[in-house]
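Visitor: This is the structure I have questions about; it appears just below.
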Amino acid sequence: MKFTQLGISAPILKALEAASYTNPTPIQQGAIPSALEGKDILGLAQTGTGKTAAFAIPTLQRLSNQDKQSSKRVIQSLILTPTRELAIQIQDSFKVYGRFLPLKSTVVFGGVGQGNQVRALKAGVDILIATPGRLMDLVQQRHINLSAVKIFTLDEADRMLDMGFINDVKKIIKMLPVKKQTMLFSATMPKEINTITNQLLVNPVNVSITPVSSAVETVGQQVVFVDNNHKMDVLHNFIEENTNESMLVFTKTKHGADKVVKELNRRNVSAKAIHGNKSQNIRQKTLNEFKTYQTQVLVATDIASRGIDIHELNFVVNYDLPDVPETYVHRIGRTGRAGNTGIALSLCNFQDKSLLSDIEKLIKKKVEVMDNEQYPLTDFTPKPKQRPARSRKVKVTNDKKKNTSPATKRTKDAPKKSKKSRRRTLGQDRPRS
């Protein structure tokens with residue numbers, strides 16, 4: 236199938252042709268025709284399958300087809316996305332697809348000063364791409380008015396909700412007009428978010444390209460069993476075996492990412508980290524250096540990795556296995572994109588074998604075990620069981636029995652007496668034996 240068969244307007248087709256896009260992906264084939272008709276869309280597809288174009292193209296076409304009623308631009312489309320990197324990526328896509336249209340778009344996100352973003356909003360925009368936190372801030376400051384929104388898109392819905400944005404999302408939804416087109420796209424659709432999708436969408440067209448449990452078929456999945464103290468050795472060997480290849484390495488924590496980068500740099504490997512503690516300018520600079528091959532290894536946490544879209548990335552390494560199996564699917568989806576092949580290597584210690592089992596149950600296949608004669612498992616200590624959190628007991632006293640008169644009550648600012656001093660005070664009226 237060609238883009239010309241989907242009912243797309245001539246200016247957008249011209250822009251797609253200029254960007255060398257000719258064949259739509261399955262998610263685009265399923266979503267674009269219905270979205271062009273103004274129907275609500277529930278799109279479920281893995282990362283790297285073209286979800287952005289699936290909502291960007293219909294949004295641009297529907298807004299460009301309507302009659303101009305006012306010379307002043309107002310926000311008619313809102314795209315809500317969880318991370319700064321992904322927001323920037325979506326904005327870039329709108330610029331590509333809307334190259335020959337008289338529509339203006341802008342992006343707002345936290346981590347940077349709001350001055351330039353506010354100036355862009357005051358100049359007038361038709362399409363706004365935003366992260367929840369900065370959007371709420373600018374709405375409260377009355378720099379953004381959402382009353383004219385006609386098309387609302389919630390992108391990466393699963394991660395948006397997993398990251399704790401659900402309350403902000405609900406508040407933002409209340410600011411939008413009741414009558415609007417809503418499109419919700421996600422790589423996975425956990426049961427926990429079914430409630431909000433039912434509230435958001437009205438008779439949606441369901442476009443499910445692959446089941447939640449499936450992993451990208453173009454990615455070769457491998458695992459090496461290794462103790463924690465030798466993970467770096469295995470990673471370093473893997474990098475040396477693929478000297479000229481870029482690699483995206485995942486860790487569970489920000490501290491872990493920085494630690495891996497420090498050790499790789501010590502071993503003369505060009506590596507940088509990207510995570511939430513880095514400023515937006517540093518994150519964007521680091522990402523650009525990775526995309527332009529100035530940095531060979533990018534070490535990232537899961538949240539920061541959203542928005543990393545590199546078509547020719549051949550290797551992903553799970554330095555730490557994720558606690559949530561669906562996160563594994565997200566991670567390996569960074570490679571094998573746009574029909575290319577890739578390798579996803581996971582480093583698994585004895586304690587995390589249960590996490591690997593959960594992943595294999597989800598993807599319904601066994602991950603290939605690679606030989607590791609140089610650094611075999613030696614630590615077979617069982618994973619410690621997590622104790623349930625103890626509830627703190629609150630001692631309730633009887634106020635009638637408790638002397639709370641000002642003369643005996645110690646004030647907040649009064650110095651606390653030592654034990655010796657208290658004993659002397661309490662016993663000063665007693666006769667000595």
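Residue numbering for the sequence shown follows my numbering, starting at 236 and increasing by one per position. Glycine included, every Cβ here is placed at the ideal spot set by N, Cα and C. Predicted model only: the values in this text are computed from it and were never measured.
1. List the endpoints of the continuous beta strand (DSSP E) containing Q416.
2. State the beta-bridge partners of G455 as determined by DSSP.
3. Rounded to whole angstroms, what's the CA-CA distance from L313 to I362? Just pull it up for me.
4. Please state whether DSSP places N441 in a helix, a strand or coil.
5. Run through DSSP, which three-state label would V413 get?
6. Using a Cβ-Cβ cutoff of less than 8 angstroms, which residues in the same chain neighbour T521 once the five nearest sequence positions on both sides are dropped?
7. Tell me, to the nearest whole angstrom, how far the beta carbon of L315 is from that of P246; I am working on the premise that it is less than 8 angstroms.
8. Could you tell me which residues DSSP puts in a beta bridge with N553?
9. Between G273, D555 and G399, which lies nearest to V461 when the distance is taken from Cα to Cα?
10. Go to T562, then tell me how far its alpha helix (DSSP H) extends in each direction, as first and last residue.
11. Strictly by DSSP, which residues pair up with S312?
12. Hey, would you say S421 sits closer than 9 angstroms to E452, going by beta carbons?
13. Evaluate K628 with the Cβ neighbour count: other Cβ atoms within 10 Å of its Cβ, from every protein chain shown; 16 or more gives buried, anything less gives exposed.
14. By alpha-carbon positions, which one of V495, D593 and R572 ends up nearest to P557?
15. Who pairs with T341 in a beta bridge, going by DSSP?
16. Out of G571, E524, I578 and T260, point me to the one whose CA is closest to S443's CA.
17. DSSP puts E252 in a beta bridge; with which residues?
18. Report the option in L336, D372, I408 and R308 whose CA atom is closest to the CA atom of L436.
19. Can you tell me where the beta strand (DSSP E) with L533 in it begins and where it stops?
20. Use the C-beta contact count for S581: other C-beta atoms within 10 angstroms, 16 or more gives buried, fewer gives exposed.
21. Which of the three DSSP states is assigned to K644 in this structure?
22. Tell me the rounded alpha-carbon separation between I276 and T284.
23. Could you tell me the distance, in whole angstroms, from the CA atom of V484 to the CA atom of E561?
24. Compute the Euclidean distance between the alpha carbons of I243 and V469, then round it to the nearest angstrom.
25. Quick one: Cα of V552 to Cα of K249, how far?
26. Which ranges would you report for the beta strand (DSSP E) in the stretch 460 to 530 if only whole runs of at least 3 residues count?
27. Buried or exposed for M371, please, with buried defined as at least 16 other CB atoms from any protein chain shown within 10 angstroms of its CB.
28. Using only CA atoms, which one of Q264, L356, Q456 and D393 lies nearest to T430?
Guide: Looking at the coordinates:
1. Residue 416 sits at position 181 when you count from the first residue of the sequence shown. Q416 to S421 is the span of the beta strand (DSSP E), which, as asked, contains Q416.
2. By one-based count along the sequence shown, residue 455 stands at place 220. For G455, which the question treats as bridged, DSSP gives the partners I578.
3. Position 78 of the sequence shown, counted from the first residue, corresponds to residue 313. Position 127 of the sequence shown, counted from the first residue, corresponds to residue 362. Cα to Cα, the separation comes out at about 6 angstroms.
4. To locate residue 441, count along the sequence shown from 1; it is residue 206. N441: strand per DSSP, three-state reduction.
5. One-based indexing of the sequence shown puts residue 413 at position 178. Coil, per DSSP.
6. The residue given as residue 521 occupies position 286 in the sequence shown. Excluding positions up to five away in sequence, the list reads K507, A508, I509, K513, T530 and L533.
7. Your numbering for residue 315 matches position 80 in the sequence shown. Your numbering for residue 246 matches position 11 in the sequence shown. With a Cβ gap of about 26 angstroms, L315 and P246 do not count as contacting.
8. By 1-based counting over the sequence shown, the position of residue 553 is 318. DSSP lists F485 and S581 as partners of N553.
9. For this step, residue 461 is matched to residue 226 along the sequence shown. Per the Cα distances, D555.
10. To locate residue 562, count along the sequence shown from 1; it is residue 327. Unbroken alpha helix (DSSP H) run through T562: P560 to I567.
11. Numbered from its first residue, the sequence shown carries residue 312 at position 77. According to DSSP, which records beta bridges pairwise, S312 is partnered with I362 and I386.
12. Position 186 of the sequence shown holds residue 421. Position 217 of the sequence shown holds residue 452. Their beta carbons are not under 9 angstroms apart, which means S421 does not touch E452 by this criterion.
13. Along the sequence shown, one-based indexing puts residue 628 at 393. Interpretation of K628 is limited by its pLDDT of 49, a score under 50 that renders its predicted location unreliable; the figure taken from the coordinates is listed afterwards. Flag for K628 reads exposed.
14. As a working note, residue 557 is residue 322 in the sequence shown. Out of V495, D593 and R572, D593 has the C-alpha closest to the C-alpha of P557.
15. Start at 1 with the first residue of the sequence shown, and residue 341 comes out as number 106. T341 is bridged to L363.
16. Here residue 443 refers to the residue found at position 208 when the sequence shown is read from its first residue. Comparing Cα-Cα distances from S443 to each of G571, E524, I578 and T260, the minimum goes to T260.
17. Here residue 252 refers to the residue found at position 17 of the sequence shown. DSSP output for E252 lists no bridge partner at all.
18. In the sequence shown, counting from the first residue as 1, residue 436 sits at position 201. Per the Cα distances, I408.
19. Stepping through the sequence shown from its first residue, residue 533 is reached at position 298. Its beta strand (DSSP E) spans residues V532 to A535.
20. In the sequence shown, counting from the first residue as 1, residue 581 sits at position 346. By the neighbour-count rule (16 or more Cβ atoms within 10 Å), S581 is buried.
21. For the purposes of this step, residue 644 is taken as the residue at position 409 of the sequence shown. With a pLDDT of only 44 at K644, under the threshold of 50, the placement of this residue in the model should not be trusted; the figure read from the coordinates follows. DSSP places K644 in coil when its eight states are reduced to three.
22. Indexing the sequence shown from 1 puts residue 276 at position 41. Indexing the sequence shown from 1 puts residue 284 at position 49. Computed Cα separation, rounded: 16 angstroms.
23. Numbered from 1 along the sequence shown, position 249 holds the residue referred to as residue 484. Numbered from 1 along the sequence shown, position 326 holds the residue referred to as residue 561. Those two C-alpha atoms are separated by around 17 angstroms.
24. Residue 243 sits at position 8 when you count from the first residue of the sequence shown. Residue 469 sits at position 234 when you count from the first residue of the sequence shown. Rounded to the nearest angstrom, the two C-alpha atoms are 49 angstroms apart.
25. If you number the sequence shown from 1, residue 552 lands on position 317. If you number the sequence shown from 1, residue 249 lands on position 14. Near 38 angstroms, if we compare the C-alpha coordinates of K249 and V552.
26. The DSSP assignment places 482 to 485 and 506 to 509 as complete runs of the beta strand (DSSP E) inside the stretch 460 to 530, in order along the chain (cut-off: 3 residues).
27. Position 136 of the sequence shown holds residue 371. Buried, because 16 or more other Cβ atoms sit within 10 Å of the Cβ of M371.
28. The count along the sequence shown starts at 1 and reaches residue 430 at position 195. Among Q264, L356, Q456 and D393, the Cα nearest to that of T430 is on D393.
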